[in-house]
Amino acid sequence: MADEETMAGEAEGERRRRQRFVARRWGSVCFWVHMDGQRLPVNDLSLEGFSVLLGAPPVEPQTFGFVLQLEGIPDEIRGEARTMNFVFGADGGQLGCRFLSFEGEGAARLHDWLTIHVIATATVRISEKEAAAIVSGPSLV
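Residues 1021 to 1161 (the working numbering) are what the sequence shown spells out, left to right.
As C-alpha cells, this is what we get:
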C-alpha cells in the first residue's frame, strides 16, 4: 500500500476497482468538490474517489475534508479523502483522490447520485436497477 500513498509524476496503472464516470452532463460540469478552501469542478467520479484538474501537484500526499455537491441539488456529501496521484498535463495536471470516509449516509447518497447520473447520461434507455449495477460494478476501463 505504500505505493498507493505516494504522489506520482507519471501515470500509473488504474487503481480504482469501481467504474469511474465523467462528471459532466451535456458538456457542463455537474459535480463540484470543496477542498482546501476551493470549489473545484470534478473531472471524474466513482464510489472510490474523484479527480480534479489542478495547476500543480501538492508538495506531499495529504488527507483533507471535502464537500461534494451535485449541480442543482441542495444536499451535500461530506467526508475525508486522501490525495493519491498526480498526472501532469498541458495546463498543470489531474489530481486523483480516494475517499477515506463519509459523514452519515454520504456513501449511500453518492451511490444514488451516480445512479441518477448514469440514467441521465445514458444514450440508450436504462433502468434504475441496471444503472445501480453499473455504479456498483467493476471498472470497465
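Backbone N, C-alpha and C fix where the C-beta goes; we use that ideal spot for every residue, glycine too.
Asked: Rounded straight-line distance, which links the Cα of V1079 to that of K1149; Found: 42 Å
Asked: Counted within 10 angstroms of its Cβ, other Cβ atoms place L1143 as buried (16 or more) or exposed; Found: Correcting the residue identity first, residue 1143 is Thr in this sequence and not Leu. Exposed: under 16 other Cβ atoms inside 10 Å.
Asked: Reduced DSSP secondary structure (H/G/I, E/B, other) of A1153; Found: helix
Asked: Beta-carbon proximity check, P1081 vs R1098, cutoff 8 Å; Found: no
Asked: Minimum C-alpha distance to D1056 - residue among F1086, A1076 and G1069; Found: F1086
Asked: R1102 - partner residues in DSSP beta bridges; Found: T1083 and R1118
Asked: Burial state of L1120 (16 or more Cβ within 10 Å); Found: exposed
Asked: Cβ pair L1040, S1066 closer than 8 Å; Found: The residue you asked about is not Leu; residue 1040 is Arg in the sequence shown. Yes, they are a contact pair.
Asked: Three-state secondary structure (DSSP) of I1093; Found: coil
Asked: Delimiting residues of the alpha helix (DSSP H) encompassing V1138; Found: G1126 to T1141
Asked: Contacting residues, own chain, Cβ-Cβ under 6 Å from L1088 (five flanking each side not counted); Found: V1053 and I1097
Asked: Cβ-based burial, G1029 [other Cβ within 10 Å; buried from 16]; Found: Here G1029 scores only 38 on pLDDT, less than 50, and its place in the model should not be relied on; the value that follows carries that caveat. So G1029 counts as exposed.
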